[in-house]
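>
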Amino acid sequence: HEVEKVRSGRPTGMKWNARQTRRGKATIGNAGKFSKVPGGDKPTKKTHLKYICSDCGKAHMREGWRAGRLEFQE
Numbered sequence: 003h004e005v006e007k008v009r010s011g012r013p014t015g016m017k018w019n020a021r022q023t024r025r026g027k028a029t030i031g032n033a034g035k036f037s038k039v040p041g042g043d044k045p046t047k048k049t050h051l052k053y054i055c056s057d058c059g060k061a062h063m064r065e066g067w068r069a070g071r072l073e074f075q076e
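Using our numbering, you'd call the opening residue of the sequence shown number 3 and step up by one each time.
(1) Fully enclosed by the segment 27-74, which beta strand (DSSP E) runs are 3 residues long or longer?
(2) Within this structure, are the beta carbons of Gly-26 and Gly-34 separated by less than 7 Å?
(3) Give me, in chain order, the residues of the same chain whose beta-carbon lies closer than 6 Å to that of Gly-70; leave out the 5 immediate sequence neighbours on both sides.
(4) Just to confirm the assignment, what range does the beta strand (DSSP E) spanning Lys-7 have?
(5) In chain order, what residues of the same chain have a beta carbon less than 6 Å from the beta carbon of His-50, not counting five sequence neighbours either side?
(6) Could you give the DSSP three-state label for Arg-24: helix, strand or coil?
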């Protein structure tokens with residue numbers, strides 16, 4: 003197998019939270035919870051790995067874990 007770090011996909015903009023944010027910013031006046039400063043991100047992100055079969059090319063993913071830095075060794 004070949005191991006590859008999975009990149010995050012693009013947000014669609016059609017998720018419930020994205021639509022809720024758009025509704026909150028569309029009006030004049032109090033925007034409710036969207037008038038506050040958004041909370042910060044976590045210091046480390048979860049890193050998912052994709053395993054690609056070197057024979058047939060099929061791939062599967064494993065659930066990631068929190069890693070500060072991920073290095074691949076040959």
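Virtual Cβ for every residue (Gly too), placed ideally from N, Cα, C.
Concretely, from the data shown:
(1) With a minimum length of 3 residues, the continuous beta strand (DSSP E) runs that stay inside the segment 27-74 are 48-54 and 61-68.
(2) When the beta-carbon positions are compared, Gly-26 and Gly-34 come within less than 7 Å of each other.
(3) Contacts found: Thr-46.
(4) Counting along the chain, the beta strand (DSSP E) containing Lys-7 begins and ends at 4-7.
(5) Here His-50 has Val-8, Met-63 and Gly-66 as same chain residues with Cβ atoms under 6 Å from its own Cβ, once five neighbours each way along the sequence are excluded.
(6) In the structure shown, Arg-24 sits in a helix (DSSP, three-state: H, G or I).
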